[in-house]
Structures are given as structure tokens and as C-alpha cells.
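Student: 88 is the number of the first residue of the sequence shown in the numbering used here; add one for each residue after it. Every residue gets a Cβ at the ideal spot worked out from N, C-alpha and C, and that includes glycine.
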Amino acid sequence: LKVPEDDVRVARKGLGVIPSMKRVDTCAAEFEADTPYMYSTYEPGESESRPESSKKVLILGGGPNRIGQGIEFDYCCCHASFSLREIGYDTIMLNSNPETVSTDYDTSSRLYFEPLTVEDVLNVIEVERPEGIIVQFGGQTPLSLATRLQAALEELQIPAASGEGMVKIWGTQPDAIDAAEDRERFEALLNELGIKQPPGGIARSQEEALVIAKRLSYPVMVRPSYVLGGRAMEIVYDDANMERYITTAVEVDPEKPVLVDKYLNNAVEIDVDALCDQYGGVVIGGIMEHIEQAGVHSGDSACSIPSQTIPEESLATIREWTPALARALGVVGLLNIQYAVQEGQVYIIEANPRASRTVPFVSKAIGHPLAKYASLAMAGQSLEEIGLTEEVVPTHVSVKEAVLPFSKFPGADVLLGPEMRSTGEVMGIDADFSMAYAKAQISAGQSLPTDGTVFLSMNDQNKERCIPLAEKLLENGFKLVATEGTAAALKAGGVTAVTPVLKIHEGRPNIGDMIKSDGIQMIVITSSGDSLDAVDGRALRRSALSNEVPLVTTVAGAVATVDAIHAIKSGKKIEMQALQDFFEDA
């Protein structure tokens, strides 16, 4: 009909076409079911919802699981429901995914199996009339509804069933969410606060993208605006790849601009989760240092709490900028900020005024349930009342590692980059970083060899950074083989104990043959990104996977792996401890 969705909704209601809410009979008619599982249908007949006039909160879940949108957000929705029920609210969960814990019968007071769309959410709101709606715990799916939902609530002015005011969105308001996601508004806010970000620009055509990239100088990071899980993000090294990206990866027009940012080579990425109340109180939940360099999606990168290598001055800057930005945006609830630190200089990459996928990890690392606290903050409690007013810096080290599904997808390349690929994560905790990292690797299914031969293949950007790594491997008793270019760079850097080996396309016997004959115990390979790597490098990485040879695709990840191997070889015992044991005095 080429008319707005809202107009269709108004016309539908004007004709008296109203969905009725039906109950799922969870007891198969044996006896009356008390657990209210509801779904909507346009079948005529009586509505079976029987809403209460109590104090109620509607929590929007994450909808279907996909990469970047999974159990971490479901965890937050569950904690929201538990904590709000404890303080006297009835909680209503709206989610369309029966595979989640948030849709278990005992998680919420009432449950609606409905799609996460503005129309379906409004149908439930009009039946239940809750005091508040929480949109920031279900990831990007409910967050993307916030602006249109707010506009509808302002227009409809629906009174809450409890008699306490109108139905409204709790926590960070949609305008603040938009201010963080809209590149131009966000840039203006950062300039006002004196917060630095990597140089960049907004391209609304291929020509604009090429001009911005030329001004910044390659490499650049390109991505569509408003993305989830880093979809269609890429690091681009030249004009030819930029043209390919614009023509094949994304649709670019004035309505869908592409963001082009200077890629910060060899920068360390930092994730910060913060908690904010509505009275201006802000506390940092955790500062996580990524193991992999900036440019690897935060959902795929291993990270540690507390930070291991970031200078104190840089951490002080992060601790200053985080509350300043939270207050300027008017955040109530959770805020995730991603920073990059390059040679001591801090840059902000992005801010997300919502629960991030790191919230469960941070909560377990510091011994404080951040999602629960955020729910209480949205309900009107101050940080003082909640009991968290200062950043907790634990004395132990916690490492989060991503679990990647490559073995389940024949032919998929295993490289890490700006687009998220992991489908889960694990956690290792110990008194020192190396053992915590070793525990995380073992949990993720990565075996850690203690002797044998390691194959090294570095792109030109990483050849120099590989020299200290090669020295560490030799110190730990490993033999080294490398491609001709990498071997030459190592020898030029003083590492002579390395044997050159042929690439797959260069003849036989080659590195592929060595892998198949169990001659290689670990592989460290960084991609050049060229057409040869797409064939030769991909085949090599797949060979490592099918032969179950540990494979590391970043130099930083390799250094951390070698340190973990050294910790095991030096006789440190891998001890299992209950999570609660780390917080006995808390």
C-alpha cells in the first residue's frame, strides 16, 4: 500500500480488528494451569490474558539467537526479572524464542510469546499497561524499536494499570540511544566533551568513501551505520578493495551511510561496562583489555580483567571520560564503551547505552550482578541504595575467550576480523594472567602443546612484531619453521634457528604436507588479505582445523598462548576453584 506501518495499525484498530490473547495450556487439560504463557491471535473470541492491576514492568527479550545476539542478553533479561520481582513488581517477559531461559515458566510473572516488532509490543502494552518497559537488556533487537515505541507511547498516552502515571520506557531514553548511534550527533557530543576519536568520516556514495580514505590514508575501517555483531565491517588497505567493498558488501545511499575510520595499527582495544543511576551517579563495573589487537570484533577477542599492559595514565583517562560521557548521554542503567589505546593515546571507538555481551563476564569477574543492579537503578534506586559506588578492581585475573564454530562449517575461513563469528564464550580465573589464559584456552577446546614444531607465516605488517614471539618460542624449547619471507625477516632480526618451508602453491613437500604428517604442533598465521591468501592461506588454515593443530591468527594471541604454555611448563598446577571461593570475603 506504500503507507507507514503505523497508519495500517490505526486503520486496523478503527475497524475493530484487535488481537485476542490466548493461553498455552501447559498442563494439557489435566487441571487448570497457573503459569500464564500467552500468545496473540486474530481469531475472534474472548481474550484469556486476564491482566492484573498491580505494579508491572515489561521486559523485551532478544528474539531469535544469532551471532552477536545470544545467551549473554538472555542472562540480563533473567536477572532483570528476578531482581524486580524481589522488590514487588510483576514482570512480563516478551520474547519469541522458546530456547531461552527468559521464557522458562518460573522466570517471570507472565510471558508473551510474541515477535519483537513495534506492533506486537504495542498490542501487549495495551493489554497489560505496565508502568515501565525495559529495552536495553535484549541486545540490538529491542533497542532498534525504542525510538518508534517512544513516539507511539507519547501519542497514545496509555495509563499504567497500577494507576501510577503513564506507560513509559525505563532507563536510558531513546533519544540518548540515538545520540550514541547517530555518527554526526555522537561526534558533536565528543567534541563538546573534549574526547578524542579516530579520524574518520561518513560516506553516502562510493566517491565520498574513496575521498575520505585518501584523506585518512590506508588502512581504514569501513562499516555500515547501525550494525549488530560487526556485520559487514572490514579493514580496507587500498582503493581497489574499497571499491569492491562498496559494490559487493553494503548498499550505500544517503539513507544508509557508510562509516570510514582510520584503522589504528597495533592499538589495544578496551571494553568498559559502566552502571548509572538517574541521579548522575556513575560507577565503572569493569575495564577489560582485549588480547587481540583493535580491529578484531570485541565478541571474538579474548579479554582480561584487570588490564595487563595499559599505562596508568591511559586508564586514568578512561576513568575520566566514561562518567563524563554517561552523564552527557543521560544513561540510566548500563553503558558499554569501546576504546582503543595506541602508544598511550586513548581514543573512543563507540558507545552503546545498553547491556553488552560482556555483562555476565564482568559480573562474575568482580562478584557483583550488574544486570540486577541496572534493573534496580531503572526502578529508581541510587547507586548508594544498590550498594556499588566504587569500581571493583579484583586481585585475581579473569580471562574471557571466544568459542568459534569453524569446525562445524566445512570450507569457512577461520580468520578473525571486525565481523563477529563466535557463538559462545568461556572464562578462566587464576591468580596470574598466564594461568587464567591457559584455563580459558583449555575450556574453549584449544590444546596447548608443550614441545614440537611451530609454523610461522606473517603478513608484512606483522613480520617485525613476530621477532619477540619467535624468541619466546625458542626459549620454551620449540623448533621453528616459517615461510620464506617470514624466515628471512626473522633471520634479519637475529633469530637464526628457523627453517624455511614451502607454501602450498610453491611445490612439495610443503607446509600442508607437514601438517598432515603430524610434523607441526602449532600454527601462527596472520593474513595478507590478498587473492593468494584467499586460496593458499585459506587451504592452510582449514588443513590445521581438520588435523586439529592449534591455530592462532593474531600475534598478540600467540604471545599470550606462549606465556600460558610457559606457565604450564614451569610446573604451575592447573587448579579448579569454585567461582564463590574468589569472593568469600565479599
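Is the Cβ-Cβ distance between residue 349 and residue 303 less than 8 Å?
Tutor: Here residue 349 corresponds to residue number 262 of the sequence shown, with the count starting at 1. Here residue 303 corresponds to residue number 216 of the sequence shown, with the count starting at 1. Yes; because the gap between Cβ atoms is below 8 Å, this pair is in contact.
Student: Between which residues of its own chain and residue 664 is the CB-CB distance below 8 Å, once the five residues before and five after are set aside?
Tutor: Counting from one through the sequence shown, the residue named residue 664 turns up at place 577. Around residue 664: 516.
Student: Just the Cα atoms here: how many angstroms apart are residue 315 and residue 308?
Tutor: Position 228 of the sequence shown, counted from the start, is the residue given in the question as residue 315. Position 221 of the sequence shown, counted from the start, is the residue given in the question as residue 308. Low per-residue confidence applies at residue 315: pLDDT is 49, beneath 50, and the placement is therefore not dependable enough to give any value.
Student: According to DSSP, is residue 101 part of a helix, a strand, or is it coil?
Tutor: Looking up residue 101 in the sequence shown gives position 14. Reduced to three states, the DSSP call for residue 101 is helix.
Student: Kindly list the residues whose CB is nearer than 8 Å to the CB of residue 139, restricted to its own chain and excluding five residues on each side of it in sequence; keep chain order.
Tutor: On the sequence shown, residue 139 is found 52 positions in, with the first residue counted as 1. For residue 139, where only same-chain residues beyond five positions count, the Cβ hits under 8 Å are 177, 248.
Student: Give the range of the alpha helix (DSSP H) segment to which residue 592 is assigned.
Tutor: Taking the first residue of the sequence shown as position 1, residue 592 is located at position 505. Element bounds for residue 592: n/a, residue is neither H nor E.
Student: Once the 5 residues before and after residue 460 are set aside, which same chain residues still bring their CB inside 7 Å of it?
Tutor: Position 373 of the sequence shown, counted from the first residue, corresponds to residue 460. Contacts found: 362, 473, 475.
Student: Restricting to Cα atoms, I'd like to know which of 196, 631, 465 is closest to residue 367.
Tutor: In the sequence shown, residue 367 corresponds to position 280, counting from 1. Residue 367 has its Cα closest to that of 465, out of 196, 631, 465.
Student: Put residue 605 into one of helix, strand or coil per three-state DSSP.
Tutor: Residue mapping note: residue 605 aligns to position 518 of the sequence shown, counting from 1. In the structure shown, residue 605 sits in coil (DSSP, three-state: anything other than H, G, I, E or B).
Student: Reducing DSSP to helix, strand and coil, say where residue 316 ends up.
Tutor: Taking the first residue of the sequence shown as 1, we reach residue 316 at position 229. Confidence is the limiting factor: at residue 316 the pLDDT is only 45, short of 50, which leaves the residue's position unreliable, though a coordinate-based value still follows. Coil.
Student: Closest by CA to residue 297, which one among 329, 393, 269, 287?
Tutor: The sequence position of residue 297 within the sequence shown is 210, counting from 1. Answer by Cα proximity: 329.
Student: What whole-angstrom Cβ distance do residue 171 and residue 208 have, given they're in contact under 8 Å?
Tutor: Along the sequence shown, read from residue 1 onward, the residue named residue 171 stands at position 84. Along the sequence shown, read from residue 1 onward, the residue named residue 208 stands at position 121. About 18 Å separates the two Cβ atoms, so there is no contact after all.
Student: Taking the beta strand (DSSP E) that residue 348 falls in, what are its first and last residues?
Tutor: Residue numbering aside, residue 348 sits at position 261 when the sequence shown is read from its first letter. From DSSP, the beta strand (DSSP E) with residue 348 extends over 345-349.
Student: Would you check if there are 3 or more beta carbon pairs closer than 8 Å linking the region 482-494 to the region 546-560?
Tutor: Contact fails: fewer than three Cβ-Cβ distances are below 8 Å.
Student: Rounded to a whole number of angstroms, what is the C-alpha to C-alpha distance between residue 96 and residue 409?
Tutor: Here residue 96 refers to the residue found at position 9 when the sequence shown is read from its first residue. Here residue 409 refers to the residue found at position 322 when the sequence shown is read from its first residue. Roughly 41 Å separates the two Cα atoms.
Student: So does the region 398-405 actually touch the region 428-441, counting three or more Cβ pairs closer than 8 Å?
Tutor: yes
Student: Suppose you measure from the CA of residue 235 to the CA of residue 324; what does that come to, to the nearest Å?
Tutor: For the purposes of this step, residue 235 is identified with residue 148 of the sequence shown, where counting begins at 1. For the purposes of this step, residue 324 is identified with residue 237 of the sequence shown, where counting begins at 1. Cα to Cα, the separation comes out at about 38 Å.
Student: Should residue 546 and residue 614 be called a contact, given that it needs their Cβ atoms to be closer than 8 Å?
Tutor: Walking along the sequence shown from the start, residue 546 turns up at place 459. Walking along the sequence shown from the start, residue 614 turns up at place 527. Cβ atoms of residue 546 and residue 614: closer than 8 Å.
Student: Which residue marks the beginning of the beta strand (DSSP E) containing residue 210, and which one marks its end?
Tutor: Within the sequence shown, the letter at position 123 stands for residue 210. Unbroken run through residue 210 is the alpha helix (DSSP H), 205-215; no beta strand (DSSP E).
Student: Between which residues of its own chain and residue 641 is the CB-CB distance below 7 Å, once the five residues before and five after are set aside?
Tutor: Here residue 641 refers to the residue found at position 554 when the sequence shown is read from its first residue. Sequence-distant Cβ neighbours of residue 641 in its own chain, meaning closer than 7 Å and more than five residues away, are 379, 380, 383, 503, 613.
Student: Taking the straight line between their C-alpha atoms, what separation do you get for residue 167 and residue 300?
Tutor: Residue 167 sits at position 80 when you count from the first residue of the sequence shown. Residue 300 sits at position 213 when you count from the first residue of the sequence shown. C-alpha separation (whole angstroms): 43 Å.
Student: Express the C-alpha separation of residue 222 and residue 229 in angstroms, rounding to a whole number.
Tutor: As a first step, residue 229 must be located in the sequence shown, where it is residue number 142. As a first step, residue 222 must be located in the sequence shown, where it is residue number 135. Straight-line Cα distance between these residues: approximately 6 Å.
Student: Between the Cα of residue 648 and the Cα atoms of 200, 292, 611, which residue gives the shortest distance?
Tutor: Locating residue 648 in the sequence shown gives position 561, where the first residue counts as 1. When each option's Cα is compared against that of residue 648, the closest is 611.
Student: Restricting to runs no shorter than 4 residues, where is the alpha helix (DSSP H) found entirely within the region 380-462?
Tutor: Here the runs fully enclosed are 399-416, 446-453.
Student: Quick test of the definition: if touching needs 3 or more C-beta pairs under 8 Å, does the region 407-421 touch the region 129-138?
Tutor: no
Student: Bridge partners for residue 109 per DSSP, in chain order?
Tutor: Working through the sequence shown from its first residue, we reach residue 109 at position 22. According to DSSP, which records beta bridges pairwise, residue 109 is partnered with 126.
Student: Does the region 532-542 come close enough to the region 277-294 that 3 or more CB-CB pairs lie under 8 Å?
Tutor: Touching, no, given that fewer than three Cβ pairs across the two stretches are closer than 8 Å.
Student: Anyone know if the C-beta pair for residue 285 and residue 392 falls short of 8 Å?
Tutor: Mapped onto the sequence shown, residue 285 falls at position 198. Mapped onto the sequence shown, residue 392 falls at position 305. Against a cut-off of 8 Å, the Cβ pair of residue 392 and residue 285 comes out as no contact.
Student: Using a Cβ-Cβ cut-off of 6 Å (strictly less than) and excluding sequence neighbours within five positions of residue 601, which residues of its own chain qualify?
Tutor: The count along the sequence shown starts at 1 and reaches residue 601 at position 514. Contacts found: 607.
Student: So residue 63 and residue 456 are in contact, right, with Cβ under 8 Å, and what is the actual spacing, rounded?
Tutor: Limits of the chain in this structure are 88 at one end and 673 at the other, which puts residue 63 out of reach.
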